[in-house]
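Single-structure report; data block below.
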Amino acid sequence: MSENTPAPVNKNEVLKQNDPTLSGTLAETLANPALACFSSDDEQFLKFHGIYQQDDRDKRKTGKQYIMMIRARIPGGIIPPDQYLAFDDLSERYGNQTLRITSRQSFQWHGVVKDKLGPLMKGLNDALCTTVAACGDVNRNVMAPATPATSVLVERVLEDARRVDAALKPATEAYHSIWIDGEPLKLQPEEKKQFEDPLYGKTYLPRKFKIAFAIPPLNDVDVFTNCLGFVAIPDPAEPTRVLGYNLLCGGGLGMSHGNKETFPRTADVLGFFAPEELVNVAKAVLTAYRDSGDRTNRKHARLKYVIEERGAAWFRGEVEQRAGLTLAPARPMSFTKQGDLFGWHQQSDGQWFLGLYVEAGRIKDTPQRQLKTALRRIVAKFRPETRLTPSQNLLLVGVHADQKDSITALLAEHGIPVENQAGAIRRASMACPSMPTCGLGLAESERYLPSLLEKIETLLAELGLADEEIIIRMTGCPNGCARPYMAEIGFVGKAPNKYNLYLGGNAGTTRLNREYRTSVKSDDIITELRGPLTRWKNERLPGERFGDFCSRIVLPEQIKAGAAGDAAPAPLST
Ligand code: SRM
Ligand code: SF4
Numbered sequence: 110m111s112e113n114t115p116a117p118v119n120k121n122e123v124l125k126q127n128d129p130t131l132s133g134t135l136a137e138t139l140a141n142p143a144l145a146c147f148s149s150d151d152e153q154f155l156k157f158h159g160i161y162q163q164d165d166r167d168k169r170k171t172g173k174q175y176i177m178m179i180r181a182r183i184p185g186g187i188i189p190p191d192q193y194l195a196f197d198d199l200s201e202r203y204g205n206q207t208l209r210i211t212s213r214q215s216f217q218w219h220g221v222v223k224d225k226l227g228p229l230m231k232g233l234n235d236a237l238c239t240t241v242a243a244c245g246d247v248n249r250n251v252m253a254p255a256t257p258a259t260s261v262l263v264e265r266v267l268e269d270a271r272r273v274d275a276a277l278k279p280a281t282e283a284y285h286s287i288w289i290d291g292e293p294l295k296l297q298p299e300e301k302k303q304f305e306d307p308l309y310g311k312t313y314l315p316r317k318f319k320i321a322f323a324i325p326p327l328n329d330v331d332v333f334t335n336c337l338g339f340v341a342i343p344d345p346a347e348p349t350r351v352l353g354y355n356l357l358c359g360g361g362l363g364m365s366h367g368n369k370e371t372f373p374r375t376a377d378v379l380g381f382f383a384p385e386e387l388v389n390v391a392k393a394v395l396t397a398y399r400d401s402g403d404r405t406n407r408k409h410a411r412l413k414y415v416i417e418e419r420g421a422a423w424f425r426g427e428v429e430q431r432a433g434l435t436l437a438p439a440r441p442m443s444f445t446k447q448g449d450l451f452g453w454h455q456q457s458d459g460q461w462f463l464g465l466y467v468e469a470g471r472i473k474d475t476p477q478r479q480l481k482t483a484l485r486r487i488v489a490k491f492r493p494e495t496r497l498t499p500s501q502n503l504l505l506v507g508v509h510a511d512q513k514d515s516i517t518a519l520l521a522e523h524g525i526p527v528e529n530q531a532g533a534i535r536r537a538s539m540a541c542p543s544m545p546t547c548g549l550g551l552a553e554s555e556r557y558l559p560s561l562l563e564k565i566e567t568l569l570a571e572l573g574l575a576d577e578e579i580i581i582r583m584t585g586c587p588n589g590c591a592r593p594y595m596a597e598i599g600f601v602g603k604a605p606n607k608y609n610l611y612l613g614g615n616a617g618t619t620r621l622n623r624e625y626r627t628s629v630k631s632d633d634i635i636t637e638l639r640g641p642l643t644r645w646k647n648e649r650l651p652g653e654r655f656g657d658f659c660s661r662i663v664l665p666e667q668i669k670a671g672a673a674g675d676a677a678p679a680p681l682s683t
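Residue 110 is where the sequence shown starts when you use our numbering, and the numbers rise one by one after that.
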């Protein structure tokens, strides 16, 4: 190939080009009981329908056992009572009897074998829930603040999030045909090729695209990690009204070990615009990315690389031109906290909500705690709305004052306290699923973090720091699904029982942390943490958080000593 020949587009682009309806041979494979799994091409189409073909990694020694993961599209994580009950029932009948709250306020059903896939998808759609575009090269689940206590403003922002979500859905009829009508799309291959989505075109986006809404000072959605962030600025004259949005573009976290071309990045703040322009601006950002992202190399295809390389000013110009407006200077905003409220809290409308801690987002029954059964009973009897939070927890919303005691008692019956649900570091922790379902996991995450937290709790108690909150997040690989690069302590799987250790995030999750140690064995993690935690106890400024202390003292000292880890360290930004 000569120097001037453009690099060929990657395989996924060819697939999309050849079948923009995204139907592949999904319906045919689904209808054929002789086939145990979908083809590798169909695996790519499945993602656009919210489905991942996986295999149970615990069982690989006895041969590959295919299972599916299904992810819903639940903008803002809002679930009405009947829908929650249907989700629970479907997980019992067709999944692995758990519901997994994701880090983007959605649900996943794991362990669904192929012949249960059709009934599960039909059941979800009967419950008025779609999984379309929950994965794939499209806009994903839109996040919005979860906590209803603050005000009417939260509900208004949520409405805006839903509007954006609806406006960016792909138009292909394949989803309806396959999963609802239960038949293949009635088009010949040549006819399929002619299809063109009005927004996404024939080849959709170069890669996934993520949107979050935030209301300062709470950054529960980690807005800076999204491709597109909308920060609501309240009207000073009428604080329940959105005056406009600050526009953030170019955040993203995924990276690969040993590939310095890949890195986590926080979004740039591009300007401010009026709320009427919201959908217009969202489409402008999405199409600017659609037309400028790298379609040759999927590891370099996210919007963050476009903005890193071509600059925020260039991208702002693209957005302004496409939206037909000029962005005003961004309004002042300050994020000082993230995370969830636990226990009972009164809403602005006088009703109550209950924040419930869900370990690693997994709703299940264990001999000690029957969270799944308790939630089913509560939702069936008292019919609260359920809200999934970006930190993989859950809120029961719209509870009447006279129902509170009965709900508290019902939870207690199933081993779940309402007060002191979990210690300070557990409440602020997250872990991705990793083993045994995720095909990309290099180390344990969801199954390992709880026992590691126990050891960290013991260390903190020994140092007299037991009540301190530290945001701790773990992932089984560097893709960053539980957003570990924003944590005060981040663990990123490197190999079985080995993790890279990151330090230095802050309470408002506006700053990337930095690699502190590489390939730390599980058994050595406590030894590695003891030093920085002891120094924090002895040398911190009044009220200084662990992440801020590391960013001010531990990491600069490490950099000065030239001892920074060799895997692409994330930049220190504020
Ligand atoms: Fe993720 C791929 C789970 C949020 C970055 N992610 C995956 C897959 C589907 C593995 C795969 O491709 O085969 C994982 C399925 C595991 C399983 O068994 O369930 C997976 N990601 C998740 C969830 C369930 C983790 C969780 O702890 O809840 C989250 C689902 C969110 C949702 O409801 O849509 C999830 N993933 C994220 C986030 C966080 C976020 O979006 O706020 C990130 C980092 C932000 C970002 O996108 O940059 C993230 N996931 C990735 C990447 C790296 C993408 C990149 O740019 O390099 C991959 C790998 C890929 O896409 O090839 C990935
Ligand atoms: Fe899988 Fe890696 Fe995401 Fe964890 S971070 S779910 S191991 S892709």
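By construction, the Cβ of each residue, glycine as well, lies at the ideal position given by its N, Cα and C atoms. Bear in mind the structure is a predicted one, so any value in this text is a computation, not a measurement.
Contact check, residue i vs residue j, beta carbons under 8 angstroms
i, j, result
"F333", "A376", "yes"
"F304", "N248", "no"
"Q214", "L497", "yes"
"L480", "K473", "yes"
"A540", "A437", "no"
"K408", "N368", "yes"
"T445", "P326", "yes"
"N205", "H219", "yes"
"L337", "V394", "yes"
"A255", "L505", "no"
"K231", "I289", "yes"
"V330", "A341", "no"
"R478", "G524", "yes"
"N335", "G617", "no"
"A604", "L551", "yes"
"R592", "L362", "yes"
"S260", "S560", "no"
"C244", "G159", "yes"
The alpha helix (DSSP H) enclosing residue i, as first and last residue numbers
i, result
"D150", "S149 to F157"
"D657", "F655 to F658"
"V261", "V261 to A276"
"F424", "A421 to A432"
"L362", "It is not in any alpha helix (DSSP H) - L362 carries neither H nor E in the DSSP assignment."
"I662", "Neither: I662 is in no alpha helix (DSSP H) and is coded neither H nor E."
"V378", "Per DSSP, V378 belongs to no alpha helix (DSSP H); it is in the beta strand (DSSP E), D377 to F382."
Supposed close pair residue i, residue j - CB separation, criterion 8 angstroms
i, j, result
"I534", "I581", "6 angstroms"
"G433", "F451", "Rounded, the Cβ-Cβ distance is 45 angstroms, inconsistent with contact."
"L194", "R471", "Going by Cβ atoms, the distance from L194 to R471 rounds to 19 angstroms, so no, they are not a contact pair."
"L549", "M583", "Contact doesn't hold; Cβ gap of about 15 angstroms is too wide."
"F157", "A242", "6 angstroms"
"L314", "R399", "5 angstroms"
"L387", "R272", "7 angstroms"
"A439", "G360", "A439 to G360, Cβ: 15 angstroms. No contact."
"V221", "I188", "In fact, because the Cβ distance is near 19 angstroms, the residues do not count as touching under 8 angstroms."
"E427", "A397", "4 angstroms"
"L568", "L612", "The pair is not a contact, with the Cβ atoms about 15 angstroms apart (cut-off 8 angstroms)."
"T312", "Q126", "6 angstroms"
"P190", "R492", "4 angstroms"
"Y594", "L621", "5 angstroms"
Identity of the residues DSSP links to residue i by a beta bridge
i, result
"F216", "I210"
"A590", "For the sequence presented, residue 590 should be read as Cys rather than Ala. Note: C590 sits in no beta bridge, so no partner."
"T713", "With the chain running from 110 to 683 in the structure shown, residue 713 is simply not present."
"S538", "I581"
"K446", "L327"
"L574", "Beta-bridge pairing links L574 to no other residue."
"E347", "D344"
"V221", "M177"
"M252", "A321"
"D164", "Y175"
Boundaries of the beta strand (DSSP E) in which residue i is found, first to last residue
i, result
"R610", "It is Leu, not Arg, that sits at residue 610 in the sequence shown. First-last of the beta strand (DSSP E) with L610: K607 to L612."
"Q455", "G452 to Q455"
"R399", "R399 -> not in any beta strand (DSSP E); alpha helix (DSSP H) instead, spanning L387 to S401."
"S628", "R623 to K630"
"R180", "Y175 to R180"
"A604", "I598 to A604"
"L520", "Element bounds for L520: not the beta strand (DSSP E) but the alpha helix (DSSP H), K513 to E522."
"W288", "It is not in any beta strand (DSSP E) - W288 carries neither H nor E in the DSSP assignment."
"Q477", "Run containing Q477: none; DSSP gives neither H nor E here."
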